[in-house]
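Numbering (our numbering), first residue to last: 13 to 388.
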């Protein structure tokens, strides 16, 4: 059992890291944040077997706070370790700005230097992560993250501002950061050629592309067309965007097309995997009686009893597949077969349908033909 101390535990990175650490049965977690006292920090250091030093200052009211909150706080932490005569591994979250000539970068560089001096004096392992722009859930909007601000604005009906859409951001996802930090806790080190530790997966994306993706996420709640999520950045950004939805806006309505048979509603559409829709059908009612040249579908009855019938369009033979919500069974709908689904139960029938393409009213690839009729 290791005791892990996290400074800056209430911040964006700290909060996410702590949720990962809390799930580990081999870790005892101590969280320290800005509200804790010097005495509480001292007591925590004495208990720590590993320190995640994430506390720091990046948006001060006065520029002098950079030095006190970054280098100064790091030196204070090291002094506490020296007083307790402990050689504890330390991981520090630095920034790529530590290589820049500005007050924030200089203060982060100073913190790095203090950590290196501690490593020389104590021979304790240290892990210095120069992180690029980190994004993910729980990052504060209107602070120092354009993605957090834009996610908040697009989910709250506010405009976003882009000065130069071609500007490229170097980004890293919060869960990848947490994974790399946990690996350090377990003794794994990923130093680059400069000696700094790194997160293995990063992204370089322009502001224009990010803005377009966020707008497409918002639009998808109206059109039901989910943007492509076939790459890691898109999935991470979509997860991040959803985390900024107002709590009263988690749900959104679907258009239900009602008639004497029951109702049908489209659920999700995608240019890459087609679309999913759901229907409720009254007892004795039949849907379908059509066929497709190329479009393929899958039917899944989730409630009620149904009979799915097929007939090859140039044959008289009828195939029957009884299905029930009591025993889920997916039925593939091959091309060239006219098909129908009939509610043969005494209660309403609920069915999920999947088609491999989004319905196009100008080219529906859907041709009416009764299953029970003779040859076409």
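Note that the Cβ used here is the ideal one computed from N, Cα and C, for glycine as well. The structure displayed is predicted, hence computed values, not measured ones.
Identity of the residues DSSP links to residue i by a beta bridge
{"i": "residue 363", "result": "291 and 313"}
{"i": "residue 43", "result": "18"}
{"i": "residue 285", "result": "None, per the DSSP bridge assignment."}
{"i": "residue 390", "result": "Nothing about residue 390 can be read from this structure; the chain reaches only from 13 to 388."}
{"i": "residue 332", "result": "321"}
{"i": "residue 139", "result": "103"}
{"i": "residue 380", "result": "302"}
{"i": "residue 344", "result": "310"}
{"i": "residue 250", "result": "According to DSSP, residue 250 bridges with nothing at all."}
{"i": "residue 183", "result": "145 and 215"}
{"i": "residue 355", "result": "318"}
{"i": "residue 339", "result": "336"}
{"i": "residue 245", "result": "DSSP, once it has assigned bridges, lists no residue as partnering residue 245."}
{"i": "residue 269", "result": "276"}
{"i": "residue 63", "result": "17 and 102"}
Cα-Cα separation between residue i and residue j, rounded to whole angstroms
{"i": "residue 134", "j": "residue 186", "result": "30 Å"}
{"i": "residue 123", "j": "residue 25", "result": "18 Å"}
{"i": "residue 13", "j": "residue 132", "result": "27 Å"}
{"i": "residue 324", "j": "residue 307", "result": "15 Å"}
{"i": "residue 31", "j": "residue 156", "result": "22 Å"}
{"i": "residue 58", "j": "residue 98", "result": "8 Å"}
{"i": "residue 82", "j": "residue 109", "result": "13 Å"}
{"i": "residue 206", "j": "residue 237", "result": "45 Å"}
{"i": "residue 319", "j": "residue 271", "result": "21 Å"}
{"i": "residue 313", "j": "residue 341", "result": "7 Å"}
{"i": "residue 193", "j": "residue 39", "result": "13 Å"}
{"i": "residue 285", "j": "residue 354", "result": "26 Å"}
{"i": "residue 128", "j": "residue 35", "result": "31 Å"}
{"i": "residue 217", "j": "residue 378", "result": "41 Å"}
{"i": "residue 20", "j": "residue 261", "result": "31 Å"}
{"i": "residue 346", "j": "residue 384", "result": "17 Å"}
{"i": "residue 44", "j": "residue 68", "result": "12 Å"}
{"i": "residue 280", "j": "residue 327", "result": "34 Å"}
{"i": "residue 374", "j": "residue 380", "result": "16 Å"}
{"i": "residue 137", "j": "residue 212", "result": "20 Å"}
{"i": "residue 343", "j": "residue 299", "result": "15 Å"}
{"i": "residue 288", "j": "residue 259", "result": "26 Å"}
{"i": "residue 208", "j": "residue 142", "result": "7 Å"}
{"i": "residue 330", "j": "residue 321", "result": "7 Å"}
{"i": "residue 17", "j": "residue 159", "result": "29 Å"}
{"i": "residue 46", "j": "residue 309", "result": "56 Å"}
{"i": "residue 266", "j": "residue 296", "result": "26 Å"}
{"i": "residue 226", "j": "residue 282", "result": "16 Å"}
{"i": "residue 215", "j": "residue 190", "result": "16 Å"}
{"i": "residue 100", "j": "residue 196", "result": "13 Å"}
Coarse secondary structure for residue i, derived from DSSP in three states
{"i": "residue 349", "result": "strand"}
{"i": "residue 165", "result": "helix"}
{"i": "residue 193", "result": "helix"}
{"i": "residue 145", "result": "strand"}
{"i": "residue 105", "result": "strand"}
{"i": "residue 301", "result": "strand"}
{"i": "residue 387", "result": "Any reading at residue 387 must be qualified, since the residue scores a pLDDT of 45, below 50, and its modelled position is unreliable; no value is offered."}
{"i": "residue 277", "result": "strand"}
{"i": "residue 90", "result": "helix"}
{"i": "residue 28", "result": "helix"}
{"i": "residue 264", "result": "coil"}
{"i": "residue 82", "result": "helix"}
{"i": "residue 233", "result": "helix"}
{"i": "residue 371", "result": "coil"}
{"i": "residue 127", "result": "helix"}
{"i": "residue 159", "result": "helix"}
{"i": "residue 52", "result": "helix"}
{"i": "residue 256", "result": "coil"}
{"i": "residue 119", "result": "helix"}
{"i": "residue 327", "result": "coil"}
{"i": "residue 134", "result": "helix"}
{"i": "residue 220", "result": "helix"}
{"i": "residue 170", "result": "coil"}
Local Cβ density within 10 Å of residue i, reported as buried at 16 or more and exposed below that
{"i": "residue 264", "result": "exposed"}
{"i": "residue 116", "result": "buried"}
{"i": "residue 305", "result": "exposed"}
{"i": "residue 62", "result": "buried"}
{"i": "residue 387", "result": "The predicted model places residue 387 with a pLDDT of 45, which falls under 50 and marks its position as unreliable; any figure quoted below should be read in that light. Residue 387 is exposed by the Cβ-count criterion."}
{"i": "residue 23", "result": "buried"}
{"i": "residue 162", "result": "buried"}
{"i": "residue 103", "result": "buried"}
{"i": "residue 268", "result": "exposed"}
{"i": "residue 201", "result": "exposed"}
{"i": "residue 120", "result": "buried"}
For this session: Spell out a yes or no on whether the stretch 48-61 and the stretch 87-103 are touching, meaning 3 or more CB-CB pairs, one atom from each, closer than 8 Å.
Result: A contact is defined here as three or more CB-CB pairs under 8 Å, and the stretch 48-61 meets this definition with respect to the stretch 87-103.
For this session: Pair every Cβ in the stretch 279-296 with every Cβ in the stretch 360-370, then say whether three or more of these pairs are closer than 8 Å.
Result: The stretch 279-296 vs the stretch 360-370: in contact.
Exercise. How do the stretch 274-289 and the stretch 331-341 stand: do at least 3 beta-carbon pairs fall below 8 Å, yes or no?
Worked result: With the cut-off at 8 Å, the stretch 274-289 and the stretch 331-341 do not touch.
For this session: Check whether the stretch 159-167 touches the stretch 254-269, counting contact only when three or more Cβ pairs, one atom from each stretch, lie closer than 8 Å.
Result: They touch, by the three-pair rule.
Exercise. Any contact of the stretch 175-185 with the stretch 136-149, i.e. 3+ C-beta pairs under 8 Å?
Worked result: Two segments are said to touch when three or more pairs of C-beta atoms, one from each, lie closer than 8 Å; by this definition the stretch 175-185 touches the stretch 136-149.
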